[in-house]
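To keep things clear, I will list the structure first and then write my remarks on it.
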Amino acid sequence: AQSVTQPDIHITVSEGASLELRCNYSYGATPYLFWYVQSPGQGLQLLLKYFSGDTLVQGIKGFEAEFKRSQSSFNLRKPSVHWSDAAEYFCAVGPESDMRFGAGTRLTVKP
Amino acid sequence: KAGVTQTPRYLIKTRGQQVTLSCSPISGHRSVSWYQQTPGQGLQFLFEYFSETQRNKGNFPGRFSGRQFSNSRSEMNVSTLELGDSALYLCASSILAGETQYFGPGTRLLVL
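Those protein sequence lines, which keep their order, are chains A and B.
The opening residue of the first sequence carries number 633 in this note's numbering; numbering runs sequentially from there.
The opening residue of the second sequence carries number 210 in this note's numbering; numbering runs sequentially from there.
So this is what it looks like as structure tokens:
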């Protein structure tokens, strides 16, 4: 069965520092992998997705993620965090018609 | 182009009542999916509709139902509300089933 684990419930980083959010998945075949961001009171916005091909995926807002099959991971990274990045981040494994989401990682950005 | 809209945005009901939530997809999108988000269970898939047909259904009791109209608008209904149904209900639309989903802001339901 497909499932996603986000080991970090809450992460705090200083503005300008780099960020890495962890995601581990379990999936029977080649996974469809996604990262979404949710700001308070808002719906989810797709940051990036991986279906196949290049294992380093570029997304919006300066985010990128790397698919590592050997580690069953799809970690999200950003080289320099901005205060507006404070939000909750969800990793998900597809297909899109039946996505399974992780529990989310709440990101706090310190000035 | 307008995004996914959900009405109402907030709703308070009491146990035993029923509720209907509405979702209007992005113009031209024919697939609509529904999700429930709670602090305890996180984001869970409810069901997906495409061209007025339910394609997939998550692991929820029969009290949860939905439908899609010919204009792709979708409604979900929850009957005999329980306290545990309090949640943020998110709707997402895509051009076709299996394509990139765009989420609405959600309807926050509180059951007292």
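Heads up, the beta-carbon is just placed ideally off N, CA and C, and yes, glycines get one too.
C-beta neighbour in chain A for residue i, strict 9 Å
| i | result |
| --- | --- |
| B/T216 | no |
| B/Q310 | yes |
| B/G267 | yes |
| B/P323 | With chain B covering 210 to 321 only, the question about residue 323 of chain B has no answer from this structure. |
| B/S303 | yes |
| B/L299 | yes |
| B/S231 | no |
| B/G237 | no |
| B/T213 | The sequence as given places Val at residue 213 of chain B; Thr does not occur at that position. Yes, B/V213 lies at the interface with chain A (some Cβ there is under 9 Å from its Cβ). |
| B/S288 | no |
| B/A306 | yes |
| B/S295 | no |
| B/R264 | yes |
Neighbour flag for residue i against chain B, beta carbons, 9 Å
| i | result |
| --- | --- |
| A/P727 | yes |
| A/Q703 | no |
| A/A724 | yes |
| A/G691 | no |
| A/F706 | no |
| A/A735 | yes |
| A/D640 | no |
| A/D686 | no |
| A/R732 | yes |
As assigned by DSSP and simplified to three states, the class of residue i
| i | result |
| --- | --- |
| B/R276 | strand |
| A/E728 | helix |
| A/Q638 | coil |
| B/R218 | coil |
| A/S650 | coil |
| B/R224 | coil |
| B/L230 | strand |
| B/S302 | strand |
Endpoints, the beta strand (DSSP E) within which residue i is located
| i | result |
| --- | --- |
| A/K693 | No beta strand (DSSP E) holds A/K693; DSSP gives it neither H nor E. |
| B/S281 | Run containing B/S281: none; DSSP gives neither H nor E here. |
| A/N707 | S705 to K710 |
| B/Q246 | S240 to T247 |
| B/L252 | G251 to F259 |
| A/R701 | First-last for A/R701: undefined, no H or E at that position. |
| B/N265 | T262 to K266 |
Cross-strand partners of residue i (DSSP beta bridge)
| i | result |
| --- | --- |
| A/R738 | A/H642 and A/E720 |
| B/R317 | B/Y219 and B/L297 |
| A/C655 | Answer by DSSP bridge pairing: none, since A/C655 is not bridged. |
| A/L665 | A/Y682 and A/V725 |
| A/Q674 | Its beta-bridge partners do not exist; DSSP assigns none. |
| B/F312 | B/A301 |
| B/V287 | B/V228 and B/F273 |
At a Cβ cut of 7 Å, what residues of the segment 243-261 of chain B count as close to chain A, listed as they run along the chain? Within the segment 243-261 of chain B, the qualifying residues are G251, L252, F254 and E257.
Proximal residues, the segment 668-682 of chain A versus chain B, C-beta separation under 9 Å: Taken in chain order, the members of the segment 668-682 of chain A whose beta-carbon sits within less than 9 Å of a beta-carbon on chain B are Y668, Q670, G673, Q674, G675, L676, Q677, L678 and K681.
Closer than 7 Å, Cβ to Cβ, to anything on chain A: give me those residues from the segment 271-286 of chain B, in chain order. The segment 271-286 of chain B vs chain A, Cβ under 7 Å: nothing.
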